[in-house]
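Per this note's numbering, the very first residue in the sequence shown carries number 396; after that it's consecutive. Beta carbons: idealized from backbone N, C-alpha and C, even for Gly. As the structure is a computational prediction, the values presented were derived from the model and not from experiment.
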Amino acid sequence: MQDALSIDCSRGSTAIGFVIFIFFLVLFVIFPLQVMALEMKAFDVQNQKVVLASELAAIDLVLDLSPEALSEGALGWRNALVNSYEVLLRRKLDHLTCEILPENIEVNWNPEERIPALEIRYTYIYTSQLMRYPELSKEMKVEFQYELPMDF
């Protein structure tokens, strides 16, 4: 009888040890991996929204220009382009759920190119959405070209 009782106690200890092992595995391995995957998805979604807002602001900038200026290629006033684009971009970014502050905005136009395009560049600081640690921030760059509807 003594041997049967000791065998049942060792099985119970093994089962409790296995439950404790699974608990700590979930707590220290699986849960952080899931949070990291969710943070990466939030990062991708936010960056896609910022790029889309940037492209929509560029479209609005071109649509606000006069047809005469577009047909003549008279886009030489760079400060006015940058200021107009910055206002349109901030208006588009206000609709996002998190606060994005664009910095170092550059709007360049080179008529010597084969296809005339506005080159737009700026940076912003991405902060973690799920973990809420200010140390987890990254400087992101947005850079694209918007081809202008002009005949040269």
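- Item | Segment contact, 8 Å Cβ cut-off, at least three pairs: the stretch 483-492 with the stretch 437-456 | yes
- Can Thr518 and Glu534 be called in contact, C-beta distance under 8 Å? Numbered from 1 along the sequence shown, position 123 holds the residue referred to as residue 518. Numbered from 1 along the sequence shown, position 139 holds the residue referred to as residue 534. Yes, the Cβ-Cβ distance between Thr518 and Glu534 is below 8 Å.
- Item | Proximity to Ile500 [Cα-Cα], best of Ser523, Ile510 and Leu476 | The residue given as residue 500 occupies position 105 in the sequence shown. Among Ser523, Ile510 and Leu476, the Cα nearest to that of Ile500 is on Leu476.
- Answer with buried or exposed for Pro497, where buried requires no fewer than 16 other C-beta atoms within 10 angstroms of its C-beta. Against the sequence shown, residue 497 aligns to sequence position 102. The residue is buried, with at least 16 neighbouring Cβ atoms inside 10 Å.
- What is the C-beta distance between Val537 and Val440, in whole angstroms, given that I count them as a contact (C-beta under 8 Å)? Counting from 1 along the sequence shown, the entry for residue 537 is found at position 142. Counting from 1 along the sequence shown, the entry for residue 440 is found at position 45. With 8 Å as the limit, Val537 and Val440 do not qualify as a contact, their Cβ atoms being about 15 Å apart.
- CB-CB under 7 Å to Leu433, same chain, minus the five flanking residues each way: which ones, in chain order? Reading the sequence shown from its first residue, position 38 is the one you call residue 433. Counting only Cβ-Cβ distances below 7 Å, and skipping sequence neighbours, we find Leu525.
- Three-state secondary structure (DSSP) at Thr409? One-based indexing of the sequence shown puts residue 409 at position 14. In the displayed model, Thr409 falls within a helix according to three-state DSSP.
- Message: Considering only their Cβ atoms, is the gap separating Leu531 from Ile523 smaller than 8 Å?
- Response: Within the sequence shown, residue 523 is the residue found at index 128, counting from 1. Within the sequence shown, residue 531 is the residue found at index 136, counting from 1. Here residue 523 turns out to be Ser, not Ile, going by the sequence shown. In this structure, Leu531 lies closer than 8 Å to Ser523 by Cβ.
- Query: Considering only the beta carbon of each residue, do Leu447 and Leu483 sit closer than 8 Å?
  - Reply: By one-based count along the sequence shown, residue 447 stands at place 52. By one-based count along the sequence shown, residue 483 stands at place 88. Not in contact: Leu447 and Leu483 (Cβ atoms no closer than 8 Å).
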